[in-house]
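The sequence shown: position 116 = 116 (the UniProt record's numbering), numbered continuously.
Just so you know, even glycine gets a beta-carbon here, dropped at the ideal spot from N, CA and C.
Scroll down for the structure; my scribbles are underneath it.
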Amino acid sequence: MVRRLPGLLSAPAQLGDGEPAFPSAAAAAAARADVCACAVGRQRGGAMAGAGLGSELPEPAGLAHWAGLMAGFAERLGGQGRRLVLVTSGGTKVPLEARPVRFLDNFSSGRRGAASAEAFLAAGYAVLFLHRARSAFPFAHRFPPQAWLPALRLVDPDPRDQHASRDVDRAGARDSPRPLASPQALSPAQALASPQALSPAQALSPAQALASPQALSPAQALASPQASAQALSSPQALSNPQALPNPQALSSAQALSSPQALSPAQALSQPQASSPQSCHEASSHPAPSSPQTSSRRPQGPGPMLRLEASMSALPGLATALRRYQEALAAGTFLAVEFTTLADYLYLLRAAARALSPLGSSAMFYLAAAVSDFYVPASEMPQHKIQSSAGPLQITMKMVPKMLSPLIKDWAPGAFVISFKLETDPTIVIDRARKALETYSHQVVVANVLESRRTSVVVVTRDSETPLSLTDEELNDGIEIEEKIVSTLQSQHTAFMDKRHASREPACTPSKT
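Written out as structure tokens, the structure reads:
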């Protein structure tokens, strides 16, 4: 409930401490009684029971499409006998109005999830990457705009190309769909994850690259004349992927498919043909018609934008591009976006059900920072909250914990990892063990806020494994996520072996 109460201070702009909303000891009770946090205290109320989401958190638009896409991805990779990990990354936000202008946001850059996804791919896993829009993205989070903007140089700009580029910009802007009012609607940046969108060569599109100021590379961010013109004039204007023009006009990203892509300059100088396939997952499915696609948009490669950069100015970029393209070509990477809390909860449930048939081959690496509180749809004001009305009181209800139904109902055979972040190092291990006892999953990665980038403890029921980076490893660019994933891979193997061994007697014919 959002209402005015004279004399009260406004609610804080942010809730949560940046860690996932993982188990409390009273999960079952919390599912039956909502705990309300407000400016004057807490009160009890009724709402969502168990893991049901219901009308309190309306189902996001396009959920069935994304559920089908994730199910197909899991079925294909499971059929190949490959291990598959769901990596959740970034923070959720909670709208305060039915036609939202204001939100409460859980802060998370998504760096841990992005780095971990890279490490899992390198270890041979297929990765389903469920991430917050505009958070860090695998293979791009090391290249912020302040690094690549000074390093790039236009190569022999042709005035005729510049004129044509402006024409394409105008056509794309005129024909692009208007941004949707609801944050739960799926944006063009999300639609690019579909096998009906673009080819793997076009995967590093502006819709993705410009979605996060922390996850931009020159090849991604400047893959089209439209994106480069907008990025150089107003990076903020590109923070909303729904405002980007037609992806079919983003032809410069095709250059990334060149086998000669040995450097940023070479990779961006090879024109290629357009191919209507997935930007995140290779697929041969035909592209369906879309009500948001206009026939007036420019077709074909269009004018080219040529760039070059010194490899010493952007170390690791060529390697990152190659590894990203290899994952796409192998069909082992699928990215799905969320924005709001409702998006995340519904997509998490759909992903869990998609991975469930894989049994112990499936892993859940739940690194997202999930809101602990929300405002039910029935209690939201319909229009923007007016500041002229005075101080604001916000009554929020407790978000049902998803770890319990995930483990017990949605994917009971999977290997599940949660995270526990604390500011007090003396309690973090105890809190991690309490989570394991409450939910009976396999691993908690415990970490302290100040040292989370350099040290963690991997906690299981019968072990504690400290992991840390030395100064030499830090200087070499090693990330703690590489050690986390290596440790989890070994534990996952042991978990799978144990599950397979426990099933052997049931499969052995009786001697009697």
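Residue range of the beta strand (DSSP E) that residue 415 falls in?
-> 415–422
*State the start and end residues of the unbroken beta strand (DSSP E) segment that holds residue 363.*
362–366
Just reading off the alpha helix (DSSP H) that residue 481 is part of, what are its end residues? 480–507
Original post:
Given a threshold of 16 other Cβ atoms within 10 Å of its Cβ, counted over all protein chains shown, does residue 349 qualify as buried or as exposed?
Top reply: buried
key: C-alpha distance - residue 352 paired with residue 485, whole-angstrom precision   = 20 Å
Query - Beta-carbon separation (whole angstroms), residue 117 vs residue 144, contact threshold 8 Å - result: Rounded, the Cβ-Cβ distance is 18 Å, inconsistent with contact.
With DSSP run on the structure shown, which of helix, strand or coil describes residue 104? strand
ask   = Three-state secondary structure (DSSP) at residue 402?
value = coil
Do residue 335 and residue 88 come within 7 Å of each other at the CB atom, strictly closer than that value?
-> no
| field | Whole-angstrom distance between residue 71 and residue 538, CA atom to CA atom | value | The displayed coordinates of the chain run from 1 to 512. Any statement about residue 538 would go beyond what the structure contains.
On the criterion of 16 or more Cβ atoms from any shown chain inside 10 Å, does residue 260 qualify as buried, or is it exposed? Its pLDDT being 38, under 50, residue 260 is placed unreliably in this model, and the coordinates cannot settle the point.
### Own chain partners of residue 97 with C-beta closer than 8 Å, once the 5 adjacent residues on each side are dropped
2, 380, 381, 382, 383, 384 and 385
Alpha-carbon spacing of residue 455 relative to residue 465, whole angstroms:
11 Å
Ordered along the chain, which non-local residues of its own chain (more than five positions away) have a Cβ less than 6 Å from that of residue 291? Residue confidence for residue 291 is low, a pLDDT of 34 falling below 50, so the modelled location carries little weight; the figure read from the coordinates is stated next. Answer for residue 291: no residue qualifies.
- Determine the contact status of residue 85 and residue 365, defining contact as a CB-CB distance below 7 Å. yes
| query | If you compare alpha carbons, which of 83, 388, 439 and 400 is closest to residue 374? | reply | 400
Q | residue 107 classed as buried or exposed, judged by whether at least 16 other C-beta atoms fall within 10 angstroms | A | exposed
Q. Quick one: what does DSSP say residue 125 is sitting in, helix, strand or coil?
A. coil
| message | Which complete alpha helix (DSSP H) runs does the segment 51–91 hold, if anything under 4 residues is left out? | response | 63–79
**Request:** Over the uninterrupted beta strand (DSSP E) stretch that includes residue 465, give me the two end residues.
**Result:** 463–468
Between the Cα of residue 413 and the Cα atoms of 63, 388, 362 and 325, which residue gives the shortest distance? 362
Beta-carbon gap between residue 92 and residue 404 smaller than 7 Å:
no
Check your understanding: Between the C-alpha atoms of residue 61 and residue 342, what's the straight-line distance to the nearest angstrom?
Key -> 11 Å
* Thinking C-alpha only, which one of 104, 425, 126 and 415 is nearest residue 78? -> 126
Query - Straight-line Cα distance separating residue 129 from residue 417 - result: 15 Å
query: In three-state DSSP terms, what is residue 428?
result: helix
Original post:
How is the beta strand (DSSP E) around residue 446 delimited, first residue to last?
Top reply: 443–448
*Since residue 153 is in the alpha helix (DSSP H), which residue starts that stretch and which ends it?*
Here residue 153 belongs to no alpha helix (DSSP H); instead the beta strand (DSSP E) covers 152–154.
Discussion item. Cutting at 6 Å between CB atoms, please list the residues of its own chain near residue 533, excluding the five before and the five after it.
Written reply: Any answer about residue 533 is impossible in this case: the structure gives the chain only from 1 up to 512.
| field | Residue range of the unbroken alpha helix (DSSP H) whose run includes residue 357 | value | Element bounds for residue 357: n/a, residue is neither H nor E.
Sheet register partners of residue 143 (DSSP bridge):
Residue 143 pairs with nothing; no bridge assigned.
Margin query: With distance defined between alpha-carbon atoms, name the residue in 141, 426, 444 and 121 nearest to residue 317.
Written below: 141
task = Rounded to whole angstroms, what's the CA-CA distance from residue 322 to residue 425? Just pull it up for me.
result = 39 Å
Q: Note down, in chain order, each residue of its chain lying with its Cβ closer than 8 Å to the Cβ of residue 495, except the 5 sequence neighbours on either side.
A: 360, 415 and 442
Self-check item: Pairwise C-alpha distance: residue 422 and residue 474
Solution: 23 Å
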